[in-house]
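Data block below; observations after.
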Amino acid sequence: MSIDPTLKPKGRIGIRPDSNSPFVGLWRYEATPGTTMAKLEAAYLAGLDAVDRAYARRKEIEATKKFAPAGVRDELGRFAKDELAAPLRRHWHTVQRAKAELAQRRAKIRLKEPDPSDVIGEMRRAEIRAWLRSLPNDEERVRVVSRGDKQIQDAVLHAPEAMSGVPRSTRQFLMDRRLREEFGAEIDQVIEMEQAIERAERSVDLSRVEVRELISSDVFDHIVKPVEDEIDRVEMPKTQAAASGQPAEDTRSFDERLQALMRGEKVPMPEWKVGAA
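Using this note's numbering, you'd call the opening residue of the sequence shown number 131 and step up by one each time.
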């Protein structure tokens, strides 16, 4: 996945098409179907679409001239309950799972630790750090480690800064450069994914705010929130499992699992213990 300068942006600048709308930002990322990036794109576009549909529906209701303002909000609340709430909440969970995946990818971008059984290698690094500390000042230490000698830089990077005396900013510069050398492509992808998550999350969250303001907080909490709560009941175990890196427990009822099987979904079956007393 990458930002392609020739790729036509999707979406719009604001959550609404007017100039006073809260900022969302254009979608400028290429996404392969079936990937997390594609799911984030779907969430981003769904947020914008939900706002457009809500305003369009309000206009239709008002055009009938059958309802007072409170009635318009009630009708719009029922529309949000039936058409918008469940998809938007599922997209919210998509974003949370993408955040968990991003955290796991970030955690893998780290220097490989030296072999703990290589005692001679560690003694050599300790001697280098002692030599660096013996130098007269930080300027001299920076000059030495900046020469590009990998052994010297390894000694600095694989120990706390106080053990080498090299300034924190210099050590961080060396660390960033080494990580870029070893994980350059992955770092670029992580940065893009982080930006995509930010776009998608902003779109989903702001669309909920817009819909809530259109129908009033009272109507939203009474009619729409229970739908979100039900989606959370089903989706939250999967979202929490994504954050922990563990498979999610299937919390659906027997009837819900049976319906899923009839739709052709894969449903985990219970383990049968043979010969249990």
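For glycine and all other residues, C-beta sits at the position ideal for the given N, C-alpha and C.
Quantities reported herein were computed from a predicted structural model and do not represent experimental measurements.
- Contact between the stretch 173-191 and the stretch 305-325 is absent: fewer than three C-beta pairs spanning the two stretches fall below 8 Å.
- Collapsing the DSSP output to three states places Phe197 in coil.
- By the C-beta density criterion, Ser347 is exposed, having fewer than 16 other C-beta atoms within 10 angstroms.
- Partner residues in the beta bridge of Gly144, as assigned by DSSP, are Phe153.
- Proximity of the stretch 293-310 to the stretch 187-203 falls short of the contact definition, fewer than three beta-carbon pairs being nearer than 8 Å.
- Measuring C-alpha to C-alpha distances from Phe209 to each of Arg363, Ile353, Arg332 and Ile239 identifies Ile353 as the nearest.
- When secondary structure is reduced to three states using DSSP, Pro139 falls in the coil class, being assigned neither helix nor strand.
- Taking 8 Å as the cut-off, the Cβ atoms of Pro217 and Ala176 count as close.
- A Cβ-Cβ separation of about 21 Å leaves Val249 out of contact with Leu262 under the 8 Å criterion.
- Two segments are said to touch when three or more pairs of C-beta atoms, one from each, lie closer than 8 Å; by this definition the stretch 243-257 does not touch the stretch 357-366.
- In the three-state reduction of the DSSP assignment, Glu160 falls in the coil class.
- Per DSSP, the unbroken alpha helix (DSSP H) holding Ile282 starts and ends at Lys280 to Leu287.
- Remark: C-beta atoms of Thr224 and Lys140 do not approach each other more closely than 8 Å.
- The alpha-carbon separation between Ile282 and Arg310 amounts to approximately 18 Å.
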